[in-house]
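Novice: Residue numbers (the working numbering), protein chains in the order written: chain A, 88 to 492; chain B, 1085 to 1420.
Even for Gly, the Cβ is constructed at its ideal location relative to N, Cα and C.
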Amino acid sequence: MKCTATRIFWGAALLAAGLAHASSAGAQEPGLTEKTIKIGMFSPLSGANMAYGLDVVNAAKMYYNKINKDGGVHGRQIELVIEDDRCNANDLVSAVKKLVEQDQVFMLNGGSCSAAAVAAKDYVVRSKIPWVMLNASADGALYPPTDYIFGAFSISQYAVGGSVVDFGKQHLKAKKIGYINHDDAYGAWNLEAAQETAKQLGVELAVESINANITDVTAPLIKLRAANPDTIAITTYAKPAALIIKKAYELGITKPIVLTVTGTANLSQLVENVGSKDALKNFYVQDVLADVPGGPKIKWVYDMYKESYPDLAAKPDHPQAYMPYGIAPAMSVVKALTDAGPNPTREKVAEVLRNQKFDSGVMAGPIEFGPNDRAAQESTIYLKFDGSQQTLIPGSFKSLWKYKG
Amino acid sequence: MSDKAAAMLSRSEASPPARWTARSNVSPARIGLLALTTAVLIFLPFVVTGYVLYIANLLLVFVVLCLGLHLVIGETGQFALAHAAFYGIGIYTSGLAGNAFGWPFPMSMLLAGLIAGAVGVVIGAVALCMRDIYLALATFAFGEALQWVFLNWDKVTGGPNGLRISPARLGTLEILSDKQAYPVVAITTLLMLLLTILISRSRLGRSFRAVRESEVAAMAMGIPVRRAKVTAFGLSAFYAGVAGSMFATFSTYIHPDSLGFQTTILVLTMVVVGGLGSIAGAVGGAVVFGLISEFLRQTPSYQEIIYGLILIVFMMYAPRGLFAFIHDKAGRVFRG
Chain A
88 MKCTATRIFW
98 GAALLAAGLA
108 HASSAGAQEP
118 GLTEKTIKIG
128 MFSPLSGANM
138 AYGLDVVNAA
148 KMYYNKINKD
158 GGVHGRQIEL
168 VIEDDRCNAN
178 DLVSAVKKLV
188 EQDQVFMLNG
198 GSCSAAAVAA
208 KDYVVRSKIP
218 WVMLNASADG
228 ALYPPTDYIF
238 GAFSISQYAV
248 GGSVVDFGKQ
258 HLKAKKIGYI
268 NHDDAYGAWN
278 LEAAQETAKQ
288 LGVELAVESI
298 NANITDVTAP
308 LIKLRAANPD
318 TIAITTYAKP
328 AALIIKKAYE
338 LGITKPIVLT
348 VTGTANLSQL
358 VENVGSKDAL
368 KNFYVQDVLA
378 DVPGGPKIKW
388 VYDMYKESYP
398 DLAAKPDHPQ
408 AYMPYGIAPA
418 MSVVKALTDA
428 GPNPTREKVA
438 EVLRNQKFDS
448 GVMAGPIEFG
458 PNDRAAQEST
468 IYLKFDGSQQ
478 TLIPGSFKSL
488 WKYKG
Chain B
1085 MSDKAAAMLS
1095 RSEASPPARW
1105 TARSNVSPAR
1115 IGLLALTTAV
1125 LIFLPFVVTG
1135 YVLYIANLLL
1145 VFVVLCLGLH
1155 LVIGETGQFA
1165 LAHAAFYGIG
1175 IYTSGLAGNA
1185 FGWPFPMSML
1195 LAGLIAGAVG
1205 VVIGAVALCM
1215 RDIYLALATF
1225 AFGEALQWVF
1235 LNWDKVTGGP
1245 NGLRISPARL
1255 GTLEILSDKQ
1265 AYPVVAITTL
1275 LMLLLTILIS
1285 RSRLGRSFRA
1295 VRESEVAAMA
1305 MGIPVRRAKV
1315 TAFGLSAFYA
1325 GVAGSMFATF
1335 STYIHPDSLG
1345 FQTTILVLTM
1355 VVVGGLGSIA
1365 GAVGGAVVFG
1375 LISEFLRQTP
1385 SYQEIIYGLI
1395 LIVFMMYAPR
1405 GLFAFIHDKA
1415 GRVFRG
C-alpha cells in the first residue's frame, strides 16, 4: 500500500516537474535560444522597386555579420530570415506573417516602402512584436505612436517636406517655394509638414501634386512658372523628378531646384535621364547621411560593403544610393537587444526601444525615440550637385512639424 | 449565325428554364476532387499557421474575383477591364460601413456587393454601344478614374493615406485573426461558387453564352441581348464587391495603390490561364497562380523571369487553359 502511494507520489512529482519544464519551455520567447536570436527582415528584393531595398538589406546584413564575428549579442549569434515584400501591401503582410508565425522570429527589422508597410501595422501591434523598420518612412504606421513600431531611420516624410522648406528659407533665402509632390501617401505627408514649416517661417508655397506615373510634366511646370517662385522643391520619386528637371531646363527656368531624398536613389541614372548637365547648374539634393556618399565620416560603411560583397560592389550602380540607410536600423536592433539584457523578451526590447537614443555616426542626426515619437531621424543635409561632383552645404536642416496627437 | 450559338440556344429551349437539374454525367473523379477540396477547406485551420491561412484567405478572395470576371468575360464575352475598381468599391463600402456604423459583416458584405453591382449595371448600360477593344478601353478608363477617386476623395477614402478598417464584427464577435476570418471567407466563397454554377446552368447562363457566341443570333432567337450584357456586368461587379468585403474581414488597411490596373490584369491572367469560359478554370487559375506568385516570392532574383516563362509555357501548350489541358490529358490516360 505504502509502496503504491510512494509510486503515485513520485509519479505525480515527475509529472509536475515535466509540466513545469514544459510550461517554462512554452514561456521561452519565440526565436530565442541559448545561442541564437532570430530576426526577420523584409524589403523589396525584386522588381522595379528593388533599388529601395536590396542594398539596404545588404548593409544591415553586413552589420549583423560584424556583430556575430565580434561574439554576438550577450553570446547569442544573430540569425536572419529574409523575405521579399515586393513593395506591395499584400506581399508585405504575407512576408511579415510568414516570419512571425512560420519562422517564429524574435523581432522584425524590415520595410522599405511606406504605403505597403502601413498595411502590417495592426497585425504587428496585435501580435506585440517589436518592429524596427529599415528605410521606410511609413509615417502612417508611426503616427499615432504605438508601443511596438519604430521607423523613419532614414527620415520621415514629415521631416522630408519640412526640412526642404527650411533649407529653401535659410540657405536659398526663398520667400516663395514652388513645391511639387506626389498625390500619394508620401506626398500627403511631406506636404503637411511643408505647409506647417512654411507657415511658421513665413514662406509662401505654390503646390503642384502629380501622379507618380506621369509622363508629361509640362502643365504643372508652366503653372509653377506662372507662380514665379524663388526656388522649386521636388519631393517626387526619381523618374518624375528627372522629367521635371529636364522640362524646367527646356522651359528656361533658372531658379534653384532642390530634390529631396525620395528621388535620389540613383544620381548617375538621374543625370543620364535629364540628358544635360546644364540642367543641373543650380541644383541641390537632400540627403540624410552624416556626410557625402563615401565621405570620410561614413567611409567605413562603403569599405565594409566592398569587403562583404566584392562581386556586387564591382557592378555599376552599386552600392545603391540608399545602401548606408540599412546600418542605423541594424544598430538600433543590436543596441536594443544589448540593453534588454541577457534574457531579453519582446516586451523588454520594445520598452528599451521606446526610450532609445544614440548617434549612429552614419545618419545626419541622432537616432532618437520618445514618449510620443517613433520617428528615429529628423535631420537632413544638402549637397550641391553639378552632375558629377557633390559639395556639402554646411549645417543641417529640420522640419518644424510636430505630431500633436 | 454561328452553329455554336444555335446549338446553345436550342438547348436553352429544350432545358428546364432557370432551374438547376442534377446531371448524370458528373464523374466519380469530379466528386472525389470536390470531396477532397471540401475536406482540405474544413481541416485547414486546424493544421496550418496563421500565415498559411492568410494566404488561403487571399486566394479565396481571388477565387471570387475570378468567378466574377468569368461571368462577364468567360461567359458573356464582354472584355471588361474594371474589376479592381469594383473590388475597391467593395472594400471601401465594407470598411466604411464598419468604421462609421459598426455594421455586422454580413450586412456590410451585402451592401458592398449591391453598391458595386449597381455601379456595374450603370457601367454595363453605358458600355452597351461598345465592343471588343473599345469596350476594354472604356472600362479600363473607368477603372483608372475610380482609382483616382479613391486616391483623392480624402474625407471618405482616406486618400493617399489609405483607410484603416475596423475589425469585422458580428454581434459581440470581433474578427481579429486570419483563423477567425477563414470560416467567413471560405463559406462566402463556397456560396459564390454555388451561385456561379447555378447561373451558369440556368437560362440566364445560356443566354450569356449565346451572346458571347453571336449577338445577332442570340437576338434572332429572342434573347434580350442588352439586358443579358447589363446583367453580366452587374453580377460581375457584385462578385467583385463581395470579394472586397471578404478582404476587409481579414485585412485592416487598404491603399488605392492596391486597386490599380495591375490587380485587374492579375485577375484576368488567372481567368485566362485557368481556362476562359470554365468555372473550374477560374477557380483553379486563381489558386494555382496565387500559389505560384507566393512561392516565387521566396526566389527574389529570378521571380519575374520564372513567372513570365510559366505564362508563356501555359499559353503555348495549354492555350485553352490549365484545366482544359488537364482534362484532355486525363481523358487520354483513362481512354488508354
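#1: Since P131(A) is in the alpha helix (DSSP H), which residue starts that stretch and which ends it?
#2: How would you call P316(A), buried or exposed, if buried means at least 16 neighbouring beta carbons within 10 angstroms?
#3: Across which residues does DSSP place V160(A) in a beta bridge pair?
#4: So if DSSP puts I1157(B) in a beta bridge, which residue, or which two residues, is it bridged to?
#5: For K184(A), count neighbouring Cβ atoms within 10 angstroms of its own Cβ and tell me buried if that reaches 16, exposed if not.
#6: Are the region 1317-1337 of chain B and the region 1161-1169 of chain B touching by the rule of at least three beta carbon pairs closer than 8 Å?
#7: Within 8 Å of any Cβ in chain B, is that where the Cβ of V247(A) sits?
#8: Does the distance from the C-beta atom of I264(A) to that of Y235(A) stay below 8 Å?
#9: For the beta strand (DSSP E) containing V294(A), list its first residue and its last residue.
#10: Going along chain A in order, which residues have a C-beta closer than 9 Å to the C-beta of G1392(B)?
#11: Exposed or buried, P403(A), counting other C-beta atoms within 10 Å across all chains shown (16 or more means buried)?
#12: Looking at the structure shown, is M1330(B) part of a helix, part of a strand, or coil, going by DSSP?
#13: Would R173(A) pass as an interface residue toward chain B - the criterion being a Cβ-Cβ separation below 8 Å?
#14: Output yes or no for whether 8 Å exceeds the beta carbon distance between S1329(B) and G1174(B).
#15: Taking three-plus beta-carbon pairs below 8 Å as touching, is the region 1229-1243 of chain B in contact with the region 1296-1311 of chain B?
#16: Identify the contact partners of T1336(B) in chain A, using a Cβ-Cβ distance below 7 Å as the criterion.
#17: Which full runs of the alpha helix (DSSP H) of 4+ residues lie inside the region 190-277 of chain A, going along the chain?
#18: Taking a Cβ distance cut-off of 8 Å, strictly less, list which residues of the region 1344-1363 of chain B are near chain A, in chain order.
#19: What is the DSSP secondary structure of L311(A), reduced to helix, strand or coil?
#20: Closer than 8 Å by C-beta to L179(A): which residues in its own chain qualify, once you throw out the five before and the five after it? Chain order, please.
#21: From this set, M410(A), P131(A), T233(A) and K125(A), which residue's C-alpha is nearest E438(A)'s C-alpha?
#22: Since Q189(A) meets chain B, which of its residues come closer than 8 Å, beta carbon to beta carbon?
#23: Quick check: the Cα distance between Q356(A) and Q477(A), rounded to an integer number of angstroms?
#24: What ranges does the alpha helix (DSSP H) occupy inside the region 1169-1226 of chain B, keeping only unbroken runs of at least 4 residues that lie completely in it?
#25: By the 10 Å Cβ neighbour count, where 16 or more other Cβ atoms means buried, how is H161(A) classified, buried or exposed?
#26: With DSSP run on the structure shown, which of helix, strand or coil describes A507(A)?
#27: From the beta carbon of Q1264(B), is the nearest beta carbon of chain A less than 8 Å away?
#28: Is it buried or exposed for W218(A), if we count other Cβ within 10 angstroms and need 16 for buried?
#29: Taking the alpha carbon of F484(A) as the point to measure from, which residue in S181(A), P117(A), G227(A) and I242(A) has its own alpha carbon closest?
#30: Could you give the distance in angstroms between the alpha-carbon of F1373(B) and the alpha-carbon of D1262(B)?
#31: Relative to chain B, which residues along the region 121-146 of chain A have a C-beta separation below 7 Å, given in chain order?
#32: What number of angstroms, rounded off, separates the C-alpha of S475(A) from the C-alpha of D426(A)?
#33: Determine, using beta-carbon pairs with one atom in the region 1197-1212 of chain B and one in the region 1267-1284 of chain B, whether at least three such pairs fall under 8 Å.
#34: Counting only beta-carbon atoms, is K310(A) nearer than 8 Å to chain B?
#35: State the DSSP-derived secondary structure class of T284(A), mapped to helix, strand or coil.
#36: Less than 8 Å separating the beta-carbons of L229(A) and A400(A)?
Specialist: Well, looking at it:
#1: Neither: P131(A) is in no alpha helix (DSSP H) and is coded neither H nor E.
#2: buried
#3: For V160(A), which the question treats as bridged, DSSP gives the partners R163(A).
#4: In the DSSP output, where bridge partners are listed per residue, I1157(B) has none listed.
#5: buried
#6: Taking 8 Å as the limit for Cβ pairs, the verdict is that the region 1161-1169 of chain B does touch the region 1317-1337 of chain B.
#7: no
#8: Taking 8 Å as the cut-off, the beta carbon of I264(A) is found no closer than this to the beta carbon of Y235(A).
#9: E291 to I297
#10: Within chain A, no residue comes near G1392(B); the closest Cβ sits about 12 Å away, beyond 9 Å.
#11: It counts as exposed.
#12: helix
#13: yes
#14: For S1329(B) and G1174(B), yes; Cβs fall inside 8 Å.
#15: no
#16: Neighbours of T1336(B) in chain A, taken as residues at a C-beta separation under 7 Å, are given in chain order as D209.
#17: 201-205, 208-214, 226-229 and 244-257
#18: Answer in chain order: no residues at all.
#19: helix
#20: Spatial neighbours of L179(A) in its own chain (CB-CB distance under 8 Å, excluding positions within 5 residues in sequence) are listed in chain order as F129, D172, R173, G198, C200, A203, A204, A206 and A207.
#21: T233(A)
#22: Neighbours of Q189(A) in chain B, taken as residues whose beta carbon is under 8 Å from its own, are T1133, Y1135 and V1136 in chain order.
#23: 15 Å
#24: 1189-1210
#25: exposed
#26: The question about residue 507(A) has no answer here: the residues shown for chain A are numbered 88 through 492.
#27: no
#28: buried
#29: I242(A)
#30: Approximately 21 Å, taken between the alpha carbons.
#31: The region 121-146 of chain A vs chain B, Cβ under 7 Å: L132, S133 and G134.
#32: Each residue's alpha carbon lies about 43 Å from the other.
#33: no
#34: With 8 Å as the cut-off, K310(A) does not count as an interface residue toward chain B.
#35: In this structure, T284(A) counts as helix in the three-state DSSP scheme.
#36: no
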